[in-house]
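Have a look at the structure below before the remarks.
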Ligand code: PMP
């Protein structure tokens, strides 16, 4: 893969900060956007802007076709059986809120149990807690081992006749751990329990096949996969989506409305109240085109090379470094601390050297507590990062830890 050619498609990567070349290593928070996606957004506003599913006029039909083409493209990309199983949301967060509120509200009652894991992002914890306050079920939590893998013995032992649902991330946004979701789903299904998967950190980095996984629900965000912000996807098996009540009410999601009785639209529109970000949704097609043009497996392999190289250099050259998450096959995320240095200080100083990394709790406070820390520094990689940037990062971190140490 010629990364240098790819980088030309991302103008932001040639920015300079404080007189140095930007090294963008905050890709788990959001990836940068190629020209083709930006152009699709511009075209959406300058050529085809009209509300979708509403007008007979040509622009409205074109805008509708672009949105529905994106739905078919997403369905193919994750191997859903039908585009009707693809619901557009604002992001993973809204997708998980939708499942918790609609499906969780249906299956979880007092005395029931929901299984989560300690490595979940707050987006896969708080929506369930909001529901818990109304429904009074119990949340059981799978812990992690010191290498940052789920304790599968505990997972298996948590199932009982009150277990109604499992919700788990495919890959951790802190540890990089790729959870064995296929076998976790098989285990849950053997107990008659459906599984929600938070795929926000998986879809950008590896091929995902929702039918091979047999996931009941699968959520992810466009902005983490070279796409526009404000767009997310919820895949749900038709058999579930058909049974579930709408999440929000409004335009688009109805069939007929009267004060006596309102009936709801067919899938997927039953779950898409109001005017969607149809411009962004249409642009998501181009993000998928970009990923497939490069090759999802090639993206994965390139990121793995950067991960292995950077990890080796960090361990050899930064005394006192502690890397959180050492599971085999983890995705290209390195969360770390050095000695007793504060994560925030390291992040600030790295920024002054042109290196963009994340600091803090990474929206995973329970996981921070499990490791006995308040925050970490996180470097996360994408397809456009280079070995040269990994060197710049390690060299900058050497300087920063010498300065702080
Ligand atoms: N889950 C995981 C694992 C994530 O990494 C993120 C984003 N950091 C989210 C959920 C939330 O995604 P969004 O903010 O795009 O809704």
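Residue numbers (the numbering used here): 1123 to 1527.
Backbone N, C-alpha and C fix where the C-beta goes; we use that ideal spot for every residue, glycine too.
Checklist entry - Would you call residue 1262 buried or exposed, if buried means 16 or more other Cβ atoms sit within 10 Å of its Cβ? => result buried
Checklist entry - Just the Cα atoms here: how many angstroms apart are residue 1197 and residue 1328? => result 16 Å
Item to check | Integer-rounded CB distance, given that residue 1390 should sit under 8 Å from residue 1209 | outcome: 5 Å
Next on the checklist: Do residue 1326 and residue 1402 have their beta-carbon atoms positioned less than 8 Å apart in this structure?
Outcome noted: no
Checklist entry - Which residue comes first and which comes last in the alpha helix (DSSP H) that contains residue 1157? => result 1157-1168
Item to check | Whole alpha helix (DSSP H) elements within the segment 1311-1383, 4-residue minimum | outcome: 1332-1335, 1360-1365
Checklist entry - By how many angstroms is the C-alpha of residue 1381 removed from the C-alpha of residue 1347? => result 43 Å
Checklist entry - Hey, quick one: how far does the beta strand (DSSP E) through residue 1500 stretch, first residue to last? => result 1498-1502
Checklist entry - Can you tell me the Cα-Cα spacing of residue 1232 and residue 1222, whole angstroms? => result 15 Å
Checklist entry - Is it true that the segment 1211-1227 meets the segment 1246-1262, where meeting means three or more beta-carbon pairs spaced less than 8 Å apart? => result yes
Item to check | Assigned secondary structure, residue 1512 (DSSP; H/G/I helix, E/B strand, else coil) | outcome: helix
Checklist entry - With 16 other CB atoms within 10 Å as the buried threshold, where does residue 1379 fall? => result exposed
Next on the checklist: Applying the 10 Å Cβ sphere with the 16-neighbour rule, what's the burial state of residue 1269?
Outcome noted: exposed
Next on the checklist: Given a cut-off of 8 Å on the beta-carbon distance, is the pair residue 1501 and residue 1181 in contact?
Outcome noted: no
Next on the checklist: residue 1292 and residue 1321 - do their beta-carbons sit closer together than 8 Å?
Outcome noted: yes
Checklist entry - So, residue 1280 versus residue 1316, is the Cβ gap smaller than 8 Å? => result no
Next on the checklist: My output table needs one value for residue 1481: the three-state DSSP class, helix, strand or coil.
Outcome noted: strand
Checklist entry - What three-state label does DSSP hand residue 1150 in the structure shown? => result coil
Next on the checklist: Check this for me: beta carbons of residue 1300 and residue 1453, under 8 Å apart or not?
Outcome noted: yes
Item to check | Cβ-Cβ separation, residue 1309 to residue 1278 (assumed contact under 8 Å), whole Å | outcome: 6 Å
Next on the checklist: Does the beta-carbon of residue 1291, which I'm using as the reference point, lie nearer than 7 Å to any heavy atom of the ligand PMP?
Outcome noted: yes
Item to check | residue 1164 versus 1499, 1457, 1408, residue with shortest Cα-Cα distance | outcome: 1408
Checklist entry - Does the Cβ of residue 1453 lie closer than 7 Å to at least one heavy atom of the ligand PMP? => result no
Checklist entry - Can the beta-carbon of residue 1490 be found less than 8 Å from the beta-carbon of residue 1465? => result no
Next on the checklist: Are there any heavy atoms of the ligand PMP lying less than 7 Å away from the beta-carbon of residue 1151, as far as the coordinates show?
Outcome noted: yes
Item to check | Beta carbon nearer than 5 Å to a non-hydrogen atom of the ligand PMP | outcome: 1213, 1214, 1215, 1243, 1245, 1291, 1295, 1320, 1322, 1323, 1343
Item to check | Three-state class that DSSP yields for residue 1433 in the structure shown | outcome: helix
Next on the checklist: Give me the residue from 1174, 1194, 1178 with the minimum Cα distance to residue 1186.
Outcome noted: 1174
Checklist entry - In chain order, what residues of the same chain lie with their CB nearer than 7 Å to the CB of residue 1386, ignoring the 5 residues before and after it? => result 1368, 1375, 1376, 1377, 1392
Next on the checklist: Does residue 1279 come out as helix, strand or coil in the three-state DSSP assignment?
Outcome noted: helix
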